[in-house]
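These notes concern the structure reproduced below.
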Amino acid sequence: MDHHAGLLAILKRAPVIPVLTVHGPDEAVPLAQALVEGGLPVLEITLRTEGALKAIEAIARAVPDAIIGAGTVLTASQVEEAKSAGSRFLVSPGSTVKLAEAATHARVPLLPGVATASEAMAMAELGFHILKFFPAEPAGGVAYLKSLSAPLPHLLFCPTGGIDEAKAKSYLALPHVVCVGGSWVTPADAVKAGDWTRITALAKACAFLRG
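My numbering puts the first residue of the sequence shown at 403, with every later residue one more than the last.
Okay, here's the thing in structure tokens:
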């Protein structure tokens, strides 16, 4: 499956995908530049704010080295909107057949969210073998994911939700974890202050998380 290979290539670029909630282009572009400079080119922009799609468009234009994905994709119409804005992949907190069909139809790789073995098996039946484990920490953390992936060795996971730098290391040590998603790389106070140097330094530290 082409999309599977394409998504895997994207997720293997760096051990951490920063999950960004941005309010518009003015904040998004320097933030993306700081993260790319720090070695984290794959960025997830959540569609939780009014300005998210405009931010994706601006990053796609101004930061060519960034590989942008749209997060919190919930509906088929958002699939189209995110693709038109310049998203190279999509991330959803959960998974539905309708959403999976819309992403396949739009020819955009989807990282669907799962939290149980049944959800993981249902997505695998639809041809999705790389899954977002969400919400990682509240669902049971590293121990839970280890147990979940044991009977499903053909699946890969990107845990997201409540992960910090220390926990990221533990997840990345699991054989079926391809990368992790997290927002600790972009602390709200640093973004608000425009302290891009600090964000670049936090991004650089992520390169050493995979032992």
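Glycine residues also receive a C-beta, built at the ideal position from the N, C-alpha and C atoms.
Values in this document were obtained by computation on a predicted structure and should not be read as measured data.
Check, Outcome
"Contacting residues, own chain, Cβ-Cβ under 7 Å from glycine 473 (five flanking each side not counted)", "Val421, Glu446, Ile447, Thr448, Leu449, Val493"
"Host alpha helix (DSSP H) of lysine 456 (start-end)", "454 to 464"
"Helix, strand or coil at alanine 609 [DSSP, three-state]", "coil"
"8 Å contact criterion, which isoleucine 565 and histidine 406 should meet: CB distance rounded", "Between histidine 406 and isoleucine 565 the Cβ distance is about 24 Å, and since that is not below 8 Å, they are no contact."
"Under 7 Å between C-beta atoms of valine 579 and phenylalanine 610", "no"
"Proximity of lysine 534 and valine 510 at Cβ, strictly below 7 Å", "no"
"Distance CB(glycine 355)-CB(lysine 606) smaller than 7 Å", "This structure does not reach residue 355, given that the chain is present from 403 up to 613, and the question cannot be answered."
"Glycine 515 and phenylalanine 530 closer than 7 Å at C-beta", "no"
"Alanine 508 beta carbon less than 7 Å from that of valine 475", "no"
"Whole-Å CB distance - glutamate 483 paired with leucine 455, under 8 Å assumed", "6 Å"
"Own chain, CB closer than 6 Å to proline 427, minus 5 neighbours either side, in chain order", "Lys456, Ala457, Ala460"
"Pick from Arg600, Leu576, Pro577 that is closest to tryptophan 586, judged by C-alpha positions", "Arg600"
"Beta strand (DSSP E) segments (min. 3 residues) lying fully within the region 489 to 555", "491 to 493, 532 to 535"
"Straight-line gap, lysine 571 to alanine 464 (C-alpha atoms, nearest Å)", "31 Å"
"Residue span of the beta strand (DSSP E) that contains glycine 471, given as start and end", "469 to 473"
"Threonine 448, DSSP secondary structure in three states", "strand"
"Enclosing beta strand (DSSP E) for isoleucine 419 [first to last residue]", "418 to 422"
"Short Cβ contact (7 Å threshold) for proline 443 with alanine 468", "yes"
"Endpoints, alpha helix (DSSP H) assigned at valine 593", "590 to 595"
"Between the CA atoms of cysteine 581 and arginine 415 - distance to the nearest angstrom", "9 Å"
"C-beta atoms of histidine 619 and glycine 453 nearer than 7 Å", "Since the displayed the chain opens at 403 and closes at 613, residue 619 lies outside it and no answer follows."
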